[in-house]
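Protein chains: 2
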Amino acid sequence: MSIRVLIVDDQALVRGGLAMVLRVHGDIDVVAEAGTGLEAIEATRRHRPDVILMDIRMPEMDGLEATSRILAEADWDVRVLILTTFDPDEYVYEALRAGASAFVLKDIPADQLAGAVRTVADGGALLAPSITRRLIGRFAERQTLGSGASRRVERLTERERDVVVAVARGSSNSEIAKELFIGPATVKSHVSSVLTKLGLRDRAQVVVFAYESGLVEAGDHDIGS
Amino acid sequence: MSIRVLIVDDQALVRGGLAMVLRVHGDIDVVAEAGTGLEAIEATRRHRPDVILMDIRMPEMDGLEATSRILAEADWDVRVLILTTFDPDEYVYEALRAGASAFVLKDIPADQLAGAVRTVADGGALLAPSITRRLIGRFAERQTLGSGASRRVERLTERERDVVVAVARGSSNSEIAKELFIGPATVKSHVSSVLTKLGLRDRAQVVVFAYESGLVEAGDHDIGS
DNA sequence: GCGGCCCTCCCCCTGACGGGGGAGACCGGA
DNA sequence: TCCGGTCTCCCCCGTCAGGGGGAGGGCCGC
Numbered sequence: 267m268s269i270r271v272l273i274v275d276d277q278a279l280v281r282g283g284l285a286m287v288l289r290v291h292g293d294i295d296v297v298a299e300a301g302t303g304l305e306a307i308e309a310t311r312r313h314r315p316d317v318i319l320m321d322i323r324m325p326e327m328d329g330l331e332a333t334s335r336i337l338a339e340a341d342w343d344v345r346v347l348i349l350t351t352f353d354p355d356e357y358v359y360e361a362l363r364a365g366a367s368a369f370v371l372k373d374i375p376a377d378q379l380a381g382a383v384r385t386v387a388d389g390g391a392l393l394a395p396s397i398t399r400r401l402i403g404r405f406a407e408r409q410t411l412g413s414g415a416s417r418r419v420e421r422l423t424e425r426e427r428d429v430v431v432a433v434a435r436g437s438s439n440s441e442i443a444k445e446l447f448i449g450p451a452t453v454k455s456h457v458s459s460v461l462t463k464l465g466l467r468d469r470a471q472v473v474v475f476a477y478e479s480g481l482v483e484a485g486d487h488d489i490g491s
Numbered sequence: 267m268s269i270r271v272l273i274v275d276d277q278a279l280v281r282g283g284l285a286m287v288l289r290v291h292g293d294i295d296v297v298a299e300a301g302t303g304l305e306a307i308e309a310t311r312r313h314r315p316d317v318i319l320m321d322i323r324m325p326e327m328d329g330l331e332a333t334s335r336i337l338a339e340a341d342w343d344v345r346v347l348i349l350t351t352f353d354p355d356e357y358v359y360e361a362l363r364a365g366a367s368a369f370v371l372k373d374i375p376a377d378q379l380a381g382a383v384r385t386v387a388d389g390g391a392l393l394a395p396s397i398t399r400r401l402i403g404r405f406a407e408r409q410t411l412g413s414g415a416s417r418r419v420e421r422l423t424e425r426e427r428d429v430v431v432a433v434a435r436g437s438s439n440s441e442i443a444k445e446l447f448i449g450p451a452t453v454k455s456h457v458s459s460v461l462t463k464l465g466l467r468d469r470a471q472v473v474v475f476a477y478e479s480g481l482v483e484a485g486d487h488d489i490g491s
């Protein structure tokens, strides 16, 4: 069964070129084209494509907005491949947030485009090499930025780390005492030694330290009701 | 000028196959092979390759450890392309942390391998589609997880957000007063309304909220001396 | 003009937090 | 064996944080 593709770009010439490039592959079927975000939504509803090649800069709703809306309302498996000329940071991150499965630049060789479409239709994801590089950079940074701080983490005893983690969840001393099955006085003394060892002043700074050192990570838990 | 490549894999047969696949491309020069992590380090020192195809599972130091060490000591531009059979999560993240530029599976078509080597040599990065998918997933999660919390952020006034950010740096009320050029009493009242509006108890929980909602991000600032 | 919201600042009060110092018990290494 | 580190807990005490309540001025919209 062939892959049903929708091409979205405000330049008819580009759409035609892409369609031509893709049609030579027997397993890819270009079912429709659209020139604006609104048209893309409409065409998606009507033709129910598997993969959408989406440009970003377009009149009447850009590709990112269209992507969000399409993915929000689609009740079948549709994947969006962002295909753009430039690669400004914000676009990439917005696109990924919008739910795009791929972000490739228009300088991609024609033969690789078909491969990209297949990869995306297959449930895979791919990014332009330069973007992958930045994403990895951001990721690796998150993992290593605590290097200065994590050296100090090692000065803490195991129990002290337990207390730090509990503090970093927003627990009070008495709550921590219950969590760890020890007395409140013990928690106090642990907190005190943590403050001394890390050169911090109060529990709020302990929370900051915990996040910055990677001891806890955003998303590990909820806060508030 | 051709790309100098070092192939590291504990199975001679695999090394031979990879070398053969790559040698048919005129711009790629396989300068050495290694069968263990230690040999990889040694071969890297001697041959100074541009790109290293690195297997993970090997006797005498695995590929991740070898990657870290090589990148730590190299005084020239060398990039590591991890080439493995499986793709367990931990390996990927460890590999990226170790500084790898690419992570591809051995099921990659032969002709794309050369392209991957060129991409990496060019300063780009690439990941197997399934891995890219997970990485994007993690990234998008980071961006959206604050959705529940960020709705509550909107209930705060601008000044209150200023205070929250300051609190999330570990500042005391009097310090915040100086930072914002207002009186300590004003800070107190802002903090109080923040606590009320967000349903929190103390400033430590405010810090947690700030990180979890994305109002501040790990890496935005340092803590302690 | 009036009400509502925001920002600014004040009072008092309670309680949790954090500093200082000490102590007993356990464990592992010198 | 004794010493050092860790974990447990105690007391006293000062301070800062947070709750409650109030107040004046500025801005905006009705």
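Order-wise, the sequence lines are chains A and B.
Taking our numbering, the leading residue of the first sequence gets 267, the next gets one more, and so forth.
Taking our numbering, the leading residue of the second sequence gets 267, the next gets one more, and so forth.
A virtual CB, placed ideally from N, CA and C, is assigned to each residue, including glycine.
What you are looking at is a predicted structure, and each value in this text was computed from that prediction instead of being measured.
Environment of residue i [buried if 16+ CB atoms lie within 10 Å]
i: S491 (chain A); result: Since pLDDT at S491 (chain A) reaches only 40, below the 50 mark, its modelled position is unreliable, and no value is offered.
i: V460 (chain B); result: buried
i: G390 (chain B); result: buried
i: F447 (chain A); result: exposed
i: G403 (chain B); result: exposed
i: M286 (chain A); result: exposed
i: G292 (chain B); result: exposed
i: E478 (chain A); result: buried
i: G282 (chain B); result: exposed
i: F352 (chain A); result: exposed
i: I374 (chain A); result: exposed
i: V290 (chain A); result: exposed
i: P325 (chain A); result: exposed
i: S440 (chain B); result: exposed
i: A338 (chain A); result: exposed
i: A443 (chain B); result: buried
i: R345 (chain B); result: buried
i: E420 (chain A); result: exposed
i: A451 (chain A); result: exposed
i: Q471 (chain B); result: buried
Proximity of residue i and residue j at Cβ, strictly below 8 angstroms
i: V474 (chain A); j: R427 (chain B); result: no
i: L319 (chain B); j: V358 (chain B); result: no
i: L330 (chain B); j: T398 (chain A); result: no
i: V266 (chain B); j: A476 (chain B); result: This structure cannot settle anything about residue 266 (chain B), because the visible part of chain B is limited to 267 through 491.
i: V297 (chain B); j: V386 (chain B); result: no
i: I336 (chain B); j: T310 (chain B); result: yes
i: L379 (chain A); j: L466 (chain A); result: no
i: A418 (chain B); j: L464 (chain B); result: Before going further, note that residue 418 (chain B) is Arg rather than Ala in the sequence given. It is a contact, given that the beta carbons lie within the stated cut-off.
i: L347 (chain B); j: A368 (chain B); result: yes
Under 7 angstroms by beta carbon: chain B residues contacting residue i
i: L393 (chain A); result: T398
i: V473 (chain A); result: A470, V473 and V474
Cβ distance (whole Å) where residue i is taken to contact residue j below 8 angstroms
i: D377 (chain B); j: L349 (chain B); result: Contact flag wrong, Cβ pair sits at about 15 angstroms.
i: A332 (chain B); j: I307 (chain B); result: 6 angstroms
i: V457 (chain A); j: R469 (chain A); result: 7 angstroms
i: S334 (chain B); j: A364 (chain B); result: 4 angstroms
i: R382 (chain A); j: V370 (chain A); result: Residue 382 (chain A) is actually Ala in this sequence, not Arg. Indeed, because the Cβ distance is near 6 angstroms, the residues count as touching under 8 angstroms.
i: R312 (chain B); j: W342 (chain B); result: Actually they are not in contact, since the Cβ atoms of R312 (chain B) and W342 (chain B) sit about 13 angstroms apart, beyond 8 angstroms.
i: A484 (chain A); j: A484 (chain B); result: 7 angstroms
i: E445 (chain A); j: S437 (chain A); result: 7 angstroms
Chain-ordered chain A contacts of residue i [CB-CB under 7 angstroms]
i: I402 (chain B); result: L362 and A391
i: T385 (chain B); result: P395
i: F405 (chain B); result: L362 and L401
Neighbour list for residue i in chain A, Cβ cutoff strictly below 9 angstroms
i: G436 (chain B); result: L466, R467, D468, A470, Q471, V472, V473, V474 and F475
Neighbour list for residue i in chain B, Cβ cutoff strictly below 8 angstroms
i: V433 (chain A); result: A470
message: For the pair the stretch 275 to 282 of chain A and the stretch 295 to 314 of chain A, tell me if three or more CB-CB distances fall below 8 angstroms.
response: yes
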